[in-house]
Each structure stands twice: as C-alpha cells, then as structure tokens.
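*Asks:* Residues -14 to 1098 (our numbering) are what the sequence shown spells out, left to right.
All C-beta atoms, glycine included, are put in the ideal place defined by N, C-alpha and C.
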Amino acid sequence: MHIYMHILVVKVLRLMPNHGKSKAKGTEEKKARRRNSAVAKDDSANNVRSDRKVNDSVKSAPAPEQRLQLSLDRSVFSSSQFSAPTFVNNITNRVLFPLLMSRGWKEETAGGMKRFTENGVVGSTTTRADAEAGQAHGEEGSTGSDRGAVATSLTTTIAAALREIEKMQETEEQSLQLHEVRCRRLEIREKRKLATVRLGLEDTTARLHDYESRVCNAAAAIAGIEQHLAQSNARVLRGRSVSVLLNHFRMLTAIQKKDLTSALKGLKKARAEQREKITAQWKTCSVLPAETVYFDWDIDASARRGDGVGICSDYENGVKDRTMRDTYEGESRLSSRRHHTSISSRVHGQSGGTSREGLHHLEEAAIAAGLDRAFVVRSSTEAQVEWCQRLLHLRGELDGIVKNTANVDVYVNWLREELMNDIFHLVECFNGVHGELAEIAAQDPYGRTLLRTMEFVSRLYTTITTSHDALLLDFYSHTISQMCSSLFKDYSPEPLRVVPTFEKAKKGSSSSKASQEPVNQANTAMQHYRTSLEGCLRGAFSFFVSRARRDVIIVEAIFGTTYTARHHLLTQMTKGVVEPFLVNQMKLAEDHEREIREAESRLSPRSRNRAAAQMVDAITYKHTVQTELFVLFQEYVQEIRRTFTCGEADFLDKYVDSLFGTSRASYSEAELLRRHYSLLEESYAPKLRNVSGEVFDLRSEHMQMTKELVQCFVELSNRIRIYARPEDVRERMVELVETTLQQLGRVLEAELRKTVDFMRNSRDTWRSKPKNEEDILRNIDSEPQQCGLRMLLFAQSTMISLDDAIAASCDHLLQHEPQFVTTIEAKKVAAFQALDERAELLLNFCAHAIVVRSLSILLHFQHRNDYVPKVAKGGEGEVIAPPCTGACSLFCKYVAQEFERAKEFIKMSGGLASHRNTSPQAPAAEQLPPSSQFFSSGSMPSGQHMWSQNYCLYSSGVCSSGNMGSALGPTAQIDSPDGARQRARQMNLQQLLYGDGGASSFVRTVGVCLYRGISIHLKGFSVSDRGALVYKRDVTAYVEAMAPLTRVPGLDGAVIDVLFRLLKETASLLIMPPDHIKGVWDTGLLRLLSHDEKVQFVKMRVDLHDKFRDVVK
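1. Let's see if you can read the secondary structure: which residues bound the alpha helix (DSSP H) around Cys270?
2. Does the distance from the C-beta atom of Leu1047 to that of Ala969 stay below 8 Å?
3. Going by other Cβ atoms of all chains shown within 10 Å of its Cβ, with 16 needed for buried, is Glu149 buried or exposed?
4. Please confirm if the region 810 to 823 is in contact with the region 727 to 737, defined as three or more CB-CB distances below 8 Å between the two stretches.
5. Closest to Leu1014 by CA distance: which of Pro867, Arg551, Ser1007 and Phe72 is it?
6. Would you say Asp195 lies against chain B (beta-carbon separation less than 8 Å)?
7. Whole beta strand (DSSP E) runs in the region 141 to 215 with 3 or more residues, listed along the chain?
8. List, from N- to C-terminal side, the alpha helix (DSSP H) runs of 4 residues or more that fit wholly inside the region 740 to 812.
9. On a CA-only basis, which of Gly983, Tyr1016, Met571 and Tyr640 is nearest Thr870? Give me that one, please.
10. Got a sec? Which residues, its chain only, sit under 6 Å from Lys178 by beta carbon, not counting five neighbours each side?
11. Could you check how far apart the C-beta atoms of Lys840 and Met718 are, in whole angstroms? I think they sit under 8 Å.
12. Please name the residue, chosen from Leu456, Arg169 and Ile465, that lies closest to Gly561 on a Cα-to-Cα basis.
13. Give the straight-line distance between the Cα atoms of Ala219 and Asn392, rounded to the nearest whole angstrom.
14. So, using beta-carbon positions, are Val695 and Arg706 closer together than 8 Å?
15. Is the CB-CB distance between Thr740 and Leu637 below 8 Å?
16. For Val387, does the three-state DSSP call read helix, strand or coil?
17. Helix, strand or coil: which one does DSSP assign to Ser702?
18. Count the CB pairs spanning the region 784 to 804 and the region 877 to 884 that are closer than 8 Å, and state whether there are at least three.
19. Return the bridge partner residues of Arg1086 from the DSSP annotation.
20. Suppose only complete runs of 4+ residues qualify. What are the alpha helix (DSSP H) ranges in the region 1025 to 1057, listed by chain order?
21. From this set, Lys388, Glu382, Ala180 and Ile999, which residue's C-alpha is nearest Thr238's C-alpha?
22. Is Cys373 near the ligand NAD, going by C-beta to nearest heavy atom under 7 Å?
23. Sort Leu762, Ala353 and Thr509 by Cα distance to His577 and report the nearest one.
24. Beta-carbon within less than 7 Å of Ser702's beta-carbon, same chain only, minus the 5 sequence neighbours each way: which residues are those?
25. Does the region 365 to 374 come within contact of the region 411 to 426, defined as at least 3 CB pairs closer than 8 Å?
26. Under three-state DSSP, which class holds Ser986?
27. Is it buried or exposed, Ile809, if we count other Cβ atoms within 10 angstroms and call 16 or more buried?
28. Looking at C-alpha atoms only, which residue of Val135, Ala69, Ser782 and Tyr461 is the closest neighbour of Phe82?
29. Mapping the DSSP letters down to three states, classify Glu316 as helix, strand or coil.
30. One question on the structure: do Ala354 and Ala368 come within less than 8 Å of each other, judged by their Cβ atoms?
31. Is the distance from the Cβ of Glu440 to the Cβ of Ala542 below 8 Å?
32. Could you have a look at Cys869 and say whether DSSP puts it in helix, strand or coil?
33. Which runs of the alpha helix (DSSP H) at least 4 residues long sit entirely within the region 507 to 562? Give them in chain order.
34. Report the rounded CA-to-CA distance for Ala574 versus Val610, giving the unit in angstroms.
35. Evaluate Gly432 with the Cβ neighbour count: other Cβ atoms within 10 Å of its Cβ, from every protein chain shown; 16 or more gives buried, anything less gives exposed.
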C-alpha cells in the first residue's frame, strides 16, 4: 500500500513548477500529462517484470533482493505520514499555495490577519505556513492563472492516480493467487517425497528387528551351551570335592583323640607366634590395605626377601610411614579374588602340594602326627573353615556309623577358639592404636586394616558357629573383663583408712591425748576424697567414655552398624562395669558414715562433742561422693548420647532412679548444716571468748567463722539443686534456708550479746577523765561504742552476704515460684526476732556512749571563767574576735570523729520511720551512768529502724520485713528537704525534744541528747560582755559540729538543725544591750523557748545578775 501512496504523491508533485523558471499553464499541463504517462508506463513495466519475477521465484525461489527496488526509501511512507489531515495539508502547502503565488496573488496584513490580494482585490486569509510557502515561491509563479483550471488539473491527476492504484492492486492480487497455487503444488510434491522416504525407513526397521531376533536366538543358544558346560564342570568339581571331603574325614577319624589334642595344642602356640609377627610387621611398615592378607602372608619369606606383600622398602630401618589411601574398592576386589583363588586351589585337591610359605616346627610336628597340610598351615585358614562346615554336616550323617567322629568336633572347636583369639588379638592391637591416635585411629592405615581384618575373621567365625550370638556374647564377656581389670588397675582409689578418733582413745591408755586433740586433717575422709578419690572418679568416668567410643568402632567393624549390636554393647558395659563401680563407691561412703554413727552412738554426750568433727567429716564425705557420682554419671550419659543415637541410650535414664533414688529422697542437708554450725562454734569459741577486763572488739575470727557458715550453706544448697529430686527441691531448700537463718541468727545474736555485756560492764569508764587531751582523740577506735558499731556493721554485712547467697542459690525458684519469696521472708522474721532486739539494745548503748563521752569532755575541760575572760589594762575598748574555748574545740573534734565512724548508721537512719513503739530491752534510766540521767525516756534511741525496715530484697518486688541484712534501699516515704525543714520550724520545743512519744532514730537521739546536754552545761556559766562573744563562737562551733546530723534528709535532720540554731540564737540574749533584749525576746527561733528558759539565759549575764528582773518584765 505504501508503494501505491508513493506513486500517488509522485504524480501530484509533478504538477509543481520547476524552481527558478516561469512557464505557461498549458506547458505545465503538457509536461504533467507526459510525466503521468511515463509513470504509468513505468508502473506497467514494473508490474510485468514483477510478475515474471514471481513466476521465476516459484521455479527457482530467487532471493528477495532481486525484486523491484523503488527509488525512494519506504521507511518514510508510514501510516502517520499518509493520514487524511496530513495528506491534505501537504497537497495544499506543496501544490495549491505555490500555484497561487505563481498567479500573481500578493500577501497583505490587515488587523493582524494575512490576506492574499490579486491586483488590489482582497483575497481570502491564509495560515502562517501558507503565507511563508507562498512568499518562497511567489517569484516563480505566473500571474492571471485560473483557479478552476488548477483544481480541475488536480482532480484529474488524483483520479488517474487512483485508477492506476486500483489497477496495480488487481495485478498484485492475481500475482498472489498465482503464487498460492504454485506453493500448494510444491507442498503436495514434497509431502509425496516424504511419504516415500517414510516407507523406506519402515522397511529398514523391520529388517533390523529380524536381524536382532536372530542374534538373540544365537546368544540364547550360546548361554545354553555355557550353562551345560558349567553344570558339567560343577559335577566334576563336586565329585572331586566329595572325594577330598571323604579323604579329610577319614584323616580326622583315623587319628587318636589324644594325639589330635596334643597336635592342636602345638598349633595353638605356633599360631600365637605367627599372629604376633604379622601384626608387628603391619605396625612397623606402611600398610596398603588392598595388599594385606591376614592368613596368606608369608612372613619368613617376606623377611628374607625384604620386598614381601605389605612391607615397605625401608623395612630394614624400621621407619613408620602411615599414609591414608582411599582404595577401599580395589582392596575388596583384590582380597576377594585371593580368597577365591585360595579356596578353589584347595578344592581341586591341591592340599598335599608344597606351600609357598615356610612351616613352623610345630606345624611339621602336627603333619607328622597325621594331620593333612591343609588342616595345619595357617595360610589355609579360610579353606579350613569351609572344610569344617562340610565336615560337620558329614559328621551328623555318619555319627554312630564311623568311629572317632568326635575328632571333627574337637578340631572345629579348636578352630573357633583360634579365630576368637585372632579377633581378640586384633582388638588389642587396635586398642593400642586408639590409645595413640584417639579419634583418628579408624582413619589410620594400620587401624583401618585391623578393623577390616576383624570383620573378615568374624565372618569366618560365624560360618562354623550354629548361633549368631555366640561371637557377640564371647566378645562382650572378654571386653567387660578387660575393662574391669583396667579399671581396677588404673583407677582404683586407695582404701579409706580413717579410724574414729574416739575409738583410738578407747584402745589407748586413759591418759592418751589423742581424744583431746582435734581430728588430724591429713586423716579425714574429705582429705582422702580431695587427694585420692576425686581424681580417680573423674578418671574412671573418662575411661568409661573413651572405652565406649573405642568399642563402638570395633563392634561396628565386627557386627556391622546395627542397632542390636550397639545397644547390646552399651547395655553390657553399663550393667557390667559402670553400675557396679557406682554402687561400690556409694556403698563404701555409706559404710564409712554408718561405722562412724555406730561408734558415736556408743559414746557419752561429752564424748560425742569431741567426736563431732569426725561425724561431720563422714556425713560430708558421703554427701560429696554421692553428688560427685551423680554429676559424673549425668555427664557420662550426655557423652554417650553424643556417641550413640538417642534411642540406643534412652534406657540409661532408668539407672538414675535405681542407683540414686533412695539417697536423693533423704532430707539430710539440714542435719549436716546444724552439725557444721555446732562444730564451727565450738572450734571458734576459745578465740571469741569475752575476757573480763579486756576490750571485746570485732576480730578476724568473727569474719572467718561467718564466712565458713555462709559457705556451708552455699555448698549444701548447690547439692540440693544438683542432687535432689525436682519435686523435692523447694521443700528441702526452704528447710535449709530456715536452718541457716536460725543458726546464723543465733551466732550473731550471741556475739552481739557479748558486745552488749562488754559495754554494760564498761559504763563506769564513759565519764572518766583522760590523762590529757591527746588521749581523747588518739584512742577513739578502742572505745566501747566504736566496738559496738563495728560489731553491728559486721552483723549487717554478714546478713547481706547471706541474702546474696540465698538469692543466688534460689534464683530458679524465685523466677518460677513467687510464693517462695514470701515463705523465705516469713522465715527471716521468725529467725531474726531475737537478733533485732539485741541489735537495737546494742545500738542504744552505742548512742548513749557517744553522748556521755562527748559531754564528759565539756564537763572535764570547760573552765568556770571561759566566758568571763580577763581584760588587760588599757584594752577595754579593743574589739577582737575571741577564739572558741578549748573544751569546745576538743568537743567538736571528738564529735566529728565519732560521726565519721558512725556515718553508715547516720545515713541509714535518716528520715526513716520506726516500726516499734517500745524497746523492751532498752536500758532503763536508773541503769545508765549518773551523767546521763538527764536524758528523757522518750528520747531513747531505737535501732529497730535499721533492722526492721521494709527493704526490697528481690527483683520480683516482694519486700521483706524483719531482715537486717537486706538494706538495699528504703521504701519508707521521706519528706523533701524543704518540706522537712518547714515542718520542723512549725513544731514547738516539746515536739522537737520528745517527738510523738515513740522510739526515735539514731540521728535524732544523739542530736537531741547532745543539744540538751550542751544547753544544760552552758546554763551553769556566767557570761561577761567579752565572754558573750566567746559564747557565740562556741555555739556556732557546736552548730558546725552537728553538720553530719543536720545534713541527713528527712525530719530528724531538720529537728537537729532547728535545735542547734535555737542554741545559736540564744547568744543574742547575751550580746544585746539590756535595753534591746526585749526586742529579740520572741524573734526567730527564740519563740520556741519558754519564758523561764529565756530567763535562765539572761541570768547568765554578769551585768544583769541583780537587774535581770527589770529586763525580763
């Protein structure tokens, strides 16, 4: 279609005039007609040529390049270029517009529109593109042309082009029909040729099938002939073998049983030597597995030649060169070929021939005794197995007919025994290789050869054995006996030779000191366990695992990788070795404990105390042995599961209950813990005795004893977690924790009681005057209150350690059983009640000691004239800031050091509410020294807040009550600093001094008592004008000295701060002139003081001794 459009465009474009020339309309029309006729001729000629070419293509199928080639490129004639709008626009721009311009039409612009005019007459408007095209061709056109002629010419040209296009289309359709007919004829002709070829192929295939059937018939005939020949040969061989069998049977029955037995004994010795030589040669040479033949190796000839089978070139030097060669397939083929050759040679009756190997002298003796060579030489072992199998059948048929048929059984049993000895010898050799190479022994050439030889010999053994389990039972019996002997030889611990100490004392003289001395650690059961038994137990279980891994390789080589063989091996080893070993060790430990218990039961109560150490040692030894055996057995089971499959080792779980079930169910940890604690108390009692007249302070023995107590709990709790049954862990752990809390609380309470007794006995020294001021600051650490504070800190740290141990030991229970925490906390409250009361009493004594010792400094070192200083002559008008008094400075230094040492208690007691209103064991007022009689009963210190606070113990959020060692952080609500200060300022003096009537904290007790003591102490002095300045410096120093107490957050610190600031403001009553005293009478904190107390301060002024009434009115 594009070709037709191309022709149409060419015909239209020929109407356009030549560029640069002006011609007449007629001339143009003539030229156009000429061109159209030329084009029509060319088109008809092209059509004729194309038809010819199409006809020729049907015949000769020419290339597509020989077709008609157009002068223009067809790519420009696309569907978009020949659309109706584009086609009309192109004709208008390229044909009509140049014609208008050539006829003299001119272009004018009017009102923004372009118009064409002819001799001044306005024409129709044109587009911008038509105007530009007309201007380009305006000079070429001629004026006065007729537009109708142009249109007529254009119409004629287009009609002619359409007619030619229709004609060409008809021609093309005819040509296509012609081509279609010719192609169909060609297709039919080619199909006929293909049918002819197919028929020929089918004939050929039929002939090939015929040939194939003939070949198969010929092959079947050949196979029949070969089968007939094989049957004939088999008959011949069967006849020969029957003849040889009868000869061998006659040979065995002709020998006397005694001679046969002696000959076989000699052969047994010869074969033992020969197998040793063979394996020795294998071990020292580079063995090729494909060349090793266990029975057919000529040892003597090989040694003489130096190049025998399996012997390397450097055999003379004895060099080991073990290299791995993956030649399993070739090895098996070569070995089977040799066995077949050996057997067939002997079946053919060559038993009497000369062997290629030299004979042992014992073999020669057996031959001389009447045995055939084939039944003597070791190289014929494979043939001997086959002959024995046949002889057994023959013996069953001829038994009772022929004499001496029992000789056949004798020889067969001897051969079975020798094959079993070969297997055991190979196993021993492989054990040596496994001991050297361990896991890679099976990949080593020598080890791999041994394993394959075991497999081959085991097949020979099962050939002449009626039961398939005979070899299995014999092998396991031999293996178990060897394991037992090795275990007894290498891993048998020394016997426990611990004779009870009290038994020694009975046997000896009555004056013997052996019963009075503690148990010698070198002879204790636990020492025996650490030095001898522990290593042996671990070594024994390592031996069990290594033997299991080694024997499973051997079992797989001999019996194959079957479930029955592997399971049977593991069962026999567990029943025959592991279980007896465990039972024996546990029985020894239980027998030792029972022996000690029986000896203890025959003693008096006093003697039992002396035997407690050995009893604890025996119980600990039994527990340790049971736990260690349980752990080792669990590890053994895990290792066995890695070596065997899960199904093969599942039966081991039942041994846990059968071996350890009874001991795991016994509740003996609490008893052992109580015995441990009693023994430790008894051993440390002489070192911790409170001697009258000596200072009872914290000692290293205290820390060592409590450390051992906590360590005993940790060890026993670990035993419960490991050894106890899962359903009993919680109950036994609760019992153990309760016992630990009771025993440790009792121990700490006893030590605190000793400290309280020491402080009670030293109360008279609290007010004693030291020799000099330096001794006061030098001996603070040895003062009773410091000893008491250190003991309290020690008790607290011990309880923290115990809490940590309980949390670590019971972590699994705390995570899965929230009620366990509540149970433990209830046990703590019950166990620490006495300890809390004793600690509170001791803390009260410490607080009173600090107060009394501090106030005694003011009592002894304050002079009567400190606040009435003498004025030098002429210095009345000088104003110099006087220093503090010596007693005040010494008091501040002393108090600062006391507070520094008691800072832990100051921190813990800050702002915490008390949980007990009364202190039943607090010292009464009449029990205190006279200097402390001024203390109010309501201001007695209480240590309950330090031991009975609600402290969070575990991360689960459950809090404990009554636990003094778990001070991880207070949960009581503490006021903000500003709120506490504001609250304290709003309280009256009665509330500041006595509180709400309940027990006060350590900070408040010490601070209030010091305030009252200092206040009473200062009221007894006279103050001058200059002394008032000294007084102010002293009370300011007192305020600064109380800074550790006033900085404590909460209400207690705020109360102390208000009281001492009140004391500081009393200096204004002494400094102010008499006329101005009324101005400060009720200002600031002075409003808290009553009128009488203010009068007492005013009466201290020297200048107002007689006029104070006028001033205070």
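*Replies:* Well, looking at it:
1. As a position in the sequence shown, residue 270 is number 285, starting the count at 1. Looking at the DSSP string, Cys270 is not in any alpha helix (DSSP H), and its letter there is neither H nor E.
2. Within the sequence shown, numbered from 1, the residue matching residue 1047 stands at position 1062. Within the sequence shown, numbered from 1, the residue matching residue 969 stands at position 984. No. Outside cutoff.
3. For the purposes of this step, residue 149 is taken as residue 164 along the sequence shown, with counting starting at 1. Answer is buried; the Cβ neighbour count reaches 16.
4. yes
5. Translated into the one-based positions of the sequence shown, residue 1014 becomes position 1029. Among Pro867, Arg551, Ser1007 and Phe72, the Cα nearest to that of Leu1014 belongs to Pro867.
6. Of the protein chains in the structure, only one exists, and it is not chain B.
7. none
8. 758 to 763, 769 to 794 and 796 to 801
9. In the sequence shown, the residue the question calls residue 870 occupies position 885. Closest by alpha carbon: Tyr1016.
10. As a first step, residue 178 must be located in the sequence shown, where it is residue number 193. Around Lys178: no qualifying Cβ.
11. Within the sequence shown, the letter at position 855 stands for residue 840. Within the sequence shown, the letter at position 733 stands for residue 718. In the sequence as presented, Lys is not what sits at residue 840; that position holds Leu. The Cβ separation is near 51 Å, so there is no contact.
12. As a working mapping, residue 561 is identified with position 576 in the sequence shown. Of the listed residues, the one whose Cα sits closest to Gly561 is Ile465.
13. Numbered from its first residue, the sequence shown carries residue 219 at position 234. Numbered from its first residue, the sequence shown carries residue 392 at position 407. Their Cα atoms are separated by approximately 30 Å.
14. In the sequence shown, the residue the question calls residue 695 occupies position 710. In the sequence shown, the residue the question calls residue 706 occupies position 721. Contact: no.
15. For the purposes of this step, residue 740 is identified with residue 755 of the sequence shown, where counting begins at 1. For the purposes of this step, residue 637 is identified with residue 652 of the sequence shown, where counting begins at 1. No, the Cβ-Cβ distance between Thr740 and Leu637 is not below 8 Å.
16. Mapped onto the sequence shown, residue 387 falls at position 402. In the structure shown, Val387 sits in a strand (DSSP, three-state: E or B).
17. One-based indexing of the sequence shown puts residue 702 at position 717. It is helical.
18. As far as the Cβ criterion goes, the region 784 to 804 does not touch the region 877 to 884, which means the pair count is below three.
19. Residue mapping note: residue 1086 aligns to position 1101 of the sequence shown, counting from 1. In the DSSP output, where bridge partners are listed per residue, Arg1086 has Val1008.
20. 1028 to 1031, 1036 to 1050 and 1052 to 1056
21. Taking the sequence shown and counting its residues from 1, one reaches residue 238 at position 253. That would be Lys388, whose Cα lies nearest to the Cα of Thr238.
22. Of ligands this structure carries none, so the ligand NAD is not represented either.
23. In the sequence shown, the residue the question calls residue 577 occupies position 592. Considering only alpha carbons, the answer is Thr509.
24. Reading the sequence shown from its first residue, position 717 is the one you call residue 702. Cβ neighbours of Ser702 beyond the five flanking positions: Met718, Leu721 and Ser794.
25. no
26. Counting from one through the sequence shown, the residue named residue 986 turns up at place 1001. Three-state DSSP puts Ser986 in coil, outside helix and strand.
27. The count along the sequence shown starts at 1 and reaches residue 809 at position 824. Flag for Ile809 reads buried.
28. Here residue 82 corresponds to residue number 97 of the sequence shown, with the count starting at 1. For the residues Val135, Ala69, Ser782 and Tyr461, the minimum Cα distance to Phe82 belongs to Val135.
29. Taking the sequence shown and counting its residues from 1, the one referred to as residue 316 is at position 331. Annotation note: pLDDT 40 at Glu316 (below 50); position unreliable, coordinate value reported separately. If DSSP states are grouped into helix, strand and coil, Glu316 belongs with the helices.
30. The residue given as residue 354 occupies position 369 in the sequence shown. The residue given as residue 368 occupies position 383 in the sequence shown. Result no, Cβ atoms of Ala354 and Ala368 do not sit closer than 8 Å.
31. Position 455 of the sequence shown, counted from the first residue, corresponds to residue 440. Position 557 of the sequence shown, counted from the first residue, corresponds to residue 542. A contact, by the Cβ cut-off of 8 Å.
32. Sequence index remark: in the sequence shown, residue 869 carries index 884 (1-based). Coil.
33. List check, alpha helix (DSSP H) in window: 510 to 513, 519 to 544 and 548 to 558.
34. Start at 1 with the first residue of the sequence shown, and residue 574 comes out as number 589. Start at 1 with the first residue of the sequence shown, and residue 610 comes out as number 625. The alpha-carbon atoms of Ala574 and Val610 are separated by roughly 7 Å.
35. As a working note, residue 432 is residue 447 in the sequence shown. With 16 or more other Cβ atoms within 10 Å, it is buried.
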